[in-house]
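Written out as structure tokens, the structure reads:
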């Protein structure tokens, strides 16, 4: 009895927090505040996962979204401008288009939620205390119920993204210039590569 | 489950003690006596609060003493016997200082950031098993939880640096962000090695799995290498010298907390020291057996003498050893440059960590542990 009451109270507290933070995300005039509010929303959904006894998923949610994605977003915001960065007051056309698109999305969501028959199993799903182990086994299982192919595809995609990131951020050297690591290796710092004309134009130069 | 025999074979008296956490007590009291839940939660909160206060007072004093002796001076001596009350005096000074928020700063964020940094640390302290009967919560995703909540600490520092609207704070915060994100990879790889060995992510479970021997030497150097990688990466994650370019006084005045003063500055300061304790406690738990006493194979008399030492003393001893190691780093090594920092992580630690993880998988598959279940 008390357990159910606590459960309900926690659920509503989390819901109110999540909804108000989500509202803050879209209404905040400062980009960074919106990002912080987004962090709050994502943490609240981790809370929902905990309530559904999916602790592993909750941990991953915080690890990936708070520790990774939101920090990257904040990095991007910080690289752009300073604390007084405010969104401009949008024009009437933008407001109209925004309202139309959000209204249509809202309507379609409501319709989908109203019409879809949520399949409920007769008996409650027994949550295991070891759901990390279960998820791990399912991901590595190459039988008919396993997910090893999607898992490998995702890792291949990630690898491609990593290599792509390295290639993009790599220094492109002018033609016929010998490669140096720019003082990265010991004993190389004294060796100065003469800058070409185009080089001087583009970079402030850490070489 | 093929993992059970390894754990079941532990016959030492201490390891057979059932772990009871405060959260267990609270949840078992939940159905009928809800007031006990409140009591246990309050006890947990009070304990963590007391722990943080004590850590702040003790660690800052110890750090200053150690720094003094490393530099051939005495450290604090004036306030109280042996200068013991120095930290207390400093705390009072910080508390009565004016709390300034720059006019051009983002006020709310500026006030919010130090709390976020401290909360992240508190969350880590909650899951650490201090002794078999002294733990607030034992999550079955313990290791993952610890890695995940450290993200909030980064957020606190980033927000603090950004909201100060000061270029030094900003640069410091960016450096922290880049540094922590990079070194988190190596730290996690090192933690994964232990997760592989012990086949559980619960911290209490990991300690239990070390009853036959601590992971640092049970796996033919793989565990030891993971331990070394973890200590290096963790030192970087808590921004201690030699990885303190984030605060680099000579170039950034104070880094991300340049604009902070009074109590809010002390929050950042405190969270740095408590973080240091947290990573040391984690290293002790994962690699040095946590509260598990030191045992030698079949020498029962020796083992029973070791068992007489309380488990909390074992835990604190191991943690203090690593704390001393981290302080030793600080007063011995010069600060790394940004490029050296990144090279150390991405070109040295990460490849070694990956290979080590692979080696760990081989060790686990072939069950080539030392003392595979001493009986």
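Protein chains in written order, with our numbering: chain Y, 1 to 207; chain H, 1 to 375.
Cβ coordinates follow ideal geometry from the N, Cα and C atoms, glycine included.
This structure is a prediction, so every number in the text was calculated from the model and none was measured.
Within the same chain, show all residues whose beta-carbon is closer than 7 Å to that of residue i, passing over the 5 residues directly before and after it, in chain order.
i                      : result
residue 232 of chain H : 349
residue 66 of chain Y  : 39, 42, 43
residue 280 of chain H : 319, 322, 323, 326
residue 256 of chain H : 157, 160, 161, 169, 172, 173, 176, 246
residue 140 of chain H : 201, 202
residue 188 of chain H : 147
residue 107 of chain H : 101
residue 121 of chain H : 153, 271, 274, 275, 278
residue 74 of chain H  : 68
residue 155 of chain H : 116
residue 284 of chain H : 290, 315, 318, 319, 322
residue 13 of chain Y  : none
Say whether chain Y places a C-beta atom closer than 7 Å to the C-beta of residue i.
i                      : result
residue 141 of chain H : yes
residue 154 of chain H : yes
residue 379 of chain H : Because chain H here runs from 1 to 375, residue 379 of chain H falls outside it and cannot be looked at.
residue 306 of chain H : no
residue 145 of chain H : yes
residue 191 of chain H : no
residue 148 of chain H : yes
residue 16 of chain H  : Reliability of the predicted coordinates at residue 16 of chain H is poor, the pLDDT of 41 falling under 50, and the value obtained from them is presented with this limitation in mind. Chain Y contact via Cβ: absent.
residue 151 of chain H : yes
residue 201 of chain H : yes
residue 158 of chain H : yes
residue 162 of chain H : yes
Using 7 Å as the limit for Cβ to Cβ distance, is residue i near chain H?
i                      : result
residue 56 of chain Y  : yes
residue 154 of chain Y : no
residue 28 of chain Y  : no
residue 59 of chain Y  : yes
residue 74 of chain Y  : yes
residue 136 of chain Y : no
residue 168 of chain Y : no
residue 143 of chain Y : no
residue 18 of chain Y  : no
residue 148 of chain Y : no
residue 71 of chain Y  : yes
residue 191 of chain Y : Low confidence applies here, because residue 191 of chain Y scores a pLDDT of 48, under 50, leaving its location unreliable; read the following figure in that light. No, because no Cβ of chain H sits closer than 7 Å to the Cβ of residue 191 of chain Y.
residue 78 of chain Y  : yes
residue 47 of chain Y  : no
residue 52 of chain Y  : no
According to DSSP, is residue i part of a helix, a strand, or is it coil?
i                      : result
residue 65 of chain H  : helix
residue 30 of chain Y  : strand
residue 376 of chain H : Here chain H covers residues 1 to 375 and nothing more, so residue 376 of chain H does not appear.
residue 131 of chain H : strand
residue 116 of chain Y : coil
residue 95 of chain Y  : helix
residue 312 of chain H : helix
residue 12 of chain H  : Bear in mind that the predicted position of residue 12 of chain H carries a pLDDT of just 39, short of 50, making it too unreliable to give a figure here.
residue 152 of chain Y : helix
residue 100 of chain Y : helix
residue 83 of chain H  : helix
residue 76 of chain H  : coil
residue 365 of chain H : helix
residue 97 of chain H  : coil
residue 7 of chain H   : Residue confidence is low: residue 7 of chain H scores 38 on pLDDT, short of 50, so the model does not pin down where it sits. No coordinate-derived value is stated.
residue 10 of chain Y  : helix
residue 52 of chain H  : helix
residue 296 of chain H : coil
residue 80 of chain Y  : helix
Assuming residue i and residue j form a contact by the criterion Cβ under 8 Å, report the distance between their Cβ atoms to the nearest whole angstrom.
i                      : j                      : result
residue 110 of chain H : residue 164 of chain H : 6 Å
residue 148 of chain Y : residue 142 of chain Y : 4 Å
residue 190 of chain H : residue 226 of chain H : 4 Å
residue 47 of chain H  : residue 138 of chain H : No, residue 47 of chain H and residue 138 of chain H are not in contact; Cβ-Cβ is about 15 Å, not under 8 Å.
residue 131 of chain H : residue 366 of chain H : Not confirmed; about 34 Å, so no contact.
residue 197 of chain H : residue 360 of chain H : 7 Å
residue 49 of chain H  : residue 71 of chain Y  : So it is not a contact: roughly 28 Å between Cβ atoms.
Who are the Cβ neighbours of residue i in its own chain at under 8 Å, not counting the five residues just before and after it?
i                      : result
residue 99 of chain H  : 261, 262, 263, 264
residue 113 of chain Y : none
residue 128 of chain H : 135, 203, 278, 281, 282, 285
residue 352 of chain H : 225, 229
Take residue i and list the residues in its own chain whose beta-carbon comes closer than 6 Å to its own, dropping the five residues that flank it on each side.
i                      : result
residue 368 of chain H : none
residue 83 of chain Y  : Confidence at residue 83 of chain Y is low in this model, with a pLDDT of 47, below 50, so the placement of that residue is unreliable and no value is reported for it.
residue 215 of chain H : 194, 197, 223, 287
residue 118 of chain H : 267, 271
Would you check whether the ligand GTP has a heavy atom nearer than 6 Å to the C-beta of residue i?
i                      : result
residue 187 of chain H : The ligand GTP is not part of this structure, which contains no ligands at all.
What residue ranges within the stretch 133-214 of chain H form continuous alpha helix (DSSP H) runs of no fewer than 4 residues, ordered along the chain? Along the length of the stretch 133-214 of chain H, whole alpha helix (DSSP H) runs at least 4 residues long occupy 142-163, 167-198, 203-208, reported in chain order.
Scan the stretch 319-352 of chain H and note each continuous alpha helix (DSSP H) run of 4 residues or more that stays entirely inside, going in chain order. 338-343
Could you pull out every unbroken alpha helix (DSSP H) segment of at least 4 residues lying fully inside the stretch 232-278 of chain H, listed in chain order? 249-252
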